[in-house]
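Step one of this worksheet: look at the structure below.
Residue numbers (my numbering), protein chains in the order written: chain W, 1 to 477; chain P, 1 to 385.
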């Protein structure tokens, strides 16, 4: 199930709210667990079994780690952590990377792994072998749990319902933010429900819905036009227009989902950490990743980069550590070579910044940093979004002037049609509107807010009901 | 936010989502949408099987959208706001620069595909001993390019028609309509906009009249119907298929006129329809179709595998037209010229064309498609069988 659909907003979510708030406090986690499973099973019912498996394995591993630690058996505890990590990585590896690895091996003449097309089910009827939605998000979440229990950063959860609620929590289950158990620990057992929190959740949810439905979905078709344009017909300005549209689409789509998740969470009493912080304002590649998909960057920092030694090692080792982290970050985004290349692209920029470029940028004027930051990100999206290597080359070539001229009629038509939405999107990607909003007197805000809120809801509903273009971009994550 | 204000916001939001959520249960489901000219999905109770396979969920999502309370208004609101944002199209329909005319996207095809398609027409020419004429009705975007948004992609520049003309073999005579329907020279009321419905892809009776004039000239015949002063208004509330897709609720409806009266100018024209293989007496016009959404079916009652129109007073022989829906509004004019007009639709009729021509003593054949249909139809191969 996805948030940006009428049946979610007008059927599933009201039902969840009703059930949740008529249930006494101590029953609410159970209610959440049940509705979470319905939410997850909606798209592919069989994959609910993965949820059960995931809950059972990580729950029991957490218990084992705690017991071993209590007995002073560090070796046993480490073994349990390793076993949990291996299980989660196998789960992710099998569903996400099996066919990619099998296909890649076959392509170089080593096709000893079979490509899987259908999976057997307990009742015998095989189902298509598809990527379980959100698997990259929830395997990372549950992995962090056992590690944190071992590190002493999180307490062991003895109640399996509470733990199941954490693993399956629907607001952030399928598109993040990636929440670490230790950040949610207390809230799972005890959370405040107040009208203030609910209203702020409403506000955040509607902002997110507008970002996703009114901005991202509006810009998507523009990118689709240029993605579908054959390489030899791409013009330089057209290629830039297309990739700028994609950059904005992905940002508003992804951060819109995060906003909706944070808003839904608040309406249910949770407080999730922020996931985006105006990434296109960044003055460097390193800064971009502190502002973009923050929960993923911090996950890799905490559970991969730091354990490898981070930056407190020799230069050679640090470069190696960065290489590992960015290759992993790249391939996390999808089982395809272009995502690996995209990760390595970021490795190059961030590596250069750590070595010397960062010091130069610090001395450079701010505007130069901004231009550098945006251009690096946007060019990166071309590698990310054009998955087919035979199309990626011509696309990048066209962006850098080796295309079919500067512009054509298609570009003029697209510019004319998308100019207003592009302007709105560019402004919305900066904190300008938020700044103006905060400057308004309290009274004005109180009058204007309900009007904007209803306008946002009504327009979002109109675009959702018409429903001609509403993609879910993270089915590969 | 203080508590009172937060309660206000909470209630406002909940009223909206609960309100429409409950209304969805209460408001009865509709069979079809007049505005969108389509059947709407219906609720199907889940079974263990459809739940397990996910089929129920997939269908339910479509059902939930299709039956959403005030659906037509939501669709209209979306189109309106696209327009307000400066968009020149919505759901693959261009808003014409006159603010009244809508254009559906045109399907372009490759040269190879076109060659393949025209080769079927050539094959028909070689198979038959009677003259074979071939003509393509220009797309509205090709006929009225000056009403399109600047640089609009996915429009017809009439190149299909010019290429098709070049590709025709010796046994096929191509009749080119582009000049007639394309460049309005003189009275725009007569030759320009009124050749096509503003809200539909079809040509109007006026457009069909110009088509008839060009076709008769191409077939070496005189014309017997004089046009516009004989017109009769039959409907002023026609919203066509292009309108349905566009959501452009602000566009005024079209008017439907006829030029030839029912039964022809001499009143002796008879129509035999074969909707399901068996003959049924019919007419040139179907007034009951003016009460439904797709009013274009007023002409000959809509698509059918075969229709034969007879006129004992006409001088011409027996003409077979390989038809699409554009032929329906052309038929009243053809009926004035030919003793028999056989409208043969390859989409619904699997009889051998060659055999039909021979058995019915047809003495000339016209293959007539709209340019967009010719580019997309999957049954053209039957021409060559």
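Yeah, the Cβ is synthetic: ideal placement off N, Cα and C, and Gly gets one too.
Simplified DSSP assignment, three categories, for residue i
i, result
"residue 184/P", "With a pLDDT of 44 at residue 184/P, under the threshold of 50, the modelled position of that residue is not reliable, and the figure given next carries that caveat. It is coil, neither helix nor strand."
"residue 367/P", "strand"
"residue 289/P", "helix"
"residue 440/W", "coil"
"residue 323/P", "coil"
"residue 135/P", "strand"
"residue 119/W", "strand"
"residue 39/P", "strand"
"residue 11/W", "helix"
"residue 128/W", "strand"
"residue 282/W", "coil"
"residue 93/W", "helix"
"residue 224/P", "coil"
"residue 318/W", "helix"
"residue 191/P", "For residue 191/P, the predicted structure reports a pLDDT of 45, less than 50, and the residue's modelled location is therefore unreliable. The matter cannot be settled from this model."
"residue 2/P", "coil"
"residue 409/W", "helix"
Test: residue i CB closer than 7 Å to a CB of chain P
i, result
"residue 450/W", "yes"
"residue 410/W", "yes"
"residue 423/W", "no"
"residue 341/W", "no"
Proximal chain P residues relative to residue i, where beta-carbon distance stays under 7 Å
i, result
"residue 42/W", "57"
"residue 202/W", "9, 10 and 13"
"residue 199/W", "1, 6, 9 and 10"
"residue 195/W", "3, 6, 7 and 10"
Residue-level contact to chain W via CB, residue i, 7 Å cutoff
i, result
"residue 10/P", "yes"
"residue 35/P", "no"
"residue 138/P", "no"
"residue 74/P", "yes"
"residue 85/P", "yes"
Bridge partner(s) assigned by DSSP for residue i
i, result
"residue 95/P", "102/P"
"residue 257/P", "233/P"
"residue 203/P", "196/P"
"residue 427/W", "None; residue 427/W has no bridge partner."
"residue 71/W", "None, per the DSSP bridge assignment."
"residue 308/P", "272/P and 342/P"
"residue 172/P", "132/P"
"residue 318/P", "340/P"
With 16 other Cβ atoms within 10 Å as the buried cut-off, status of residue i
i, result
"residue 360/W", "exposed"
"residue 327/P", "buried"
"residue 336/P", "buried"
"residue 76/P", "buried"
"residue 441/W", "exposed"
"residue 61/W", "buried"
"residue 138/P", "buried"
"residue 71/P", "buried"
"residue 113/P", "exposed"
"residue 72/W", "exposed"
"residue 118/W", "exposed"
"residue 220/W", "buried"
"residue 353/W", "buried"
"residue 451/W", "exposed"
"residue 121/W", "exposed"
"residue 6/W", "buried"
Closer than 8 Å at the beta carbon, the chain P residues around residue i
i, result
"residue 14/W", "14, 17, 18 and 21"
"residue 446/W", "5"
8 Å Cβ cut-off: residues of chain W touching residue i
i, result
"residue 60/P", "7"
"residue 71/P", "465"
"residue 88/P", "413, 416 and 417"
Listed by chain order, chain W residues near residue i by CB distance under 7 Å
i, result
"residue 465/P", "Shown here, chain P extends from 1 to 385; a query on residue 465/P therefore has no answer."
"residue 429/P", "Summary: the structure shown does not reach residue 429/P, with chain P confined to residues 1 through 385, and so no result is reported for it."
"residue 65/P", "6, 465 and 467"
"residue 77/P", "462"
Interface residues of chain W facing residue i [CB-CB closer than 9 Å]
i, result
"residue 99/P", "Chain W residues near residue 99/P: none, gap ~16 Å exceeds 9 Å."
"residue 149/P", "413, 416 and 417"
"residue 104/P", "Going along chain W, no residue has its Cβ under 9 Å from residue 104/P, so there is no contact; the nearest lies around 14 Å."
heavy atom of the ligand MG below 6 Å from residue i C-beta
i, result
"residue 145/W", "The ligand content of the structure shown is nil, which means the ligand MG is not present either."
Proximal residues of chain P, C-beta to C-beta of residue i below 9 Å
i, result
"residue 219/W", "Those within 9 Å of residue 219/W in chain P number zero; the least Cβ separation is about 12 Å."
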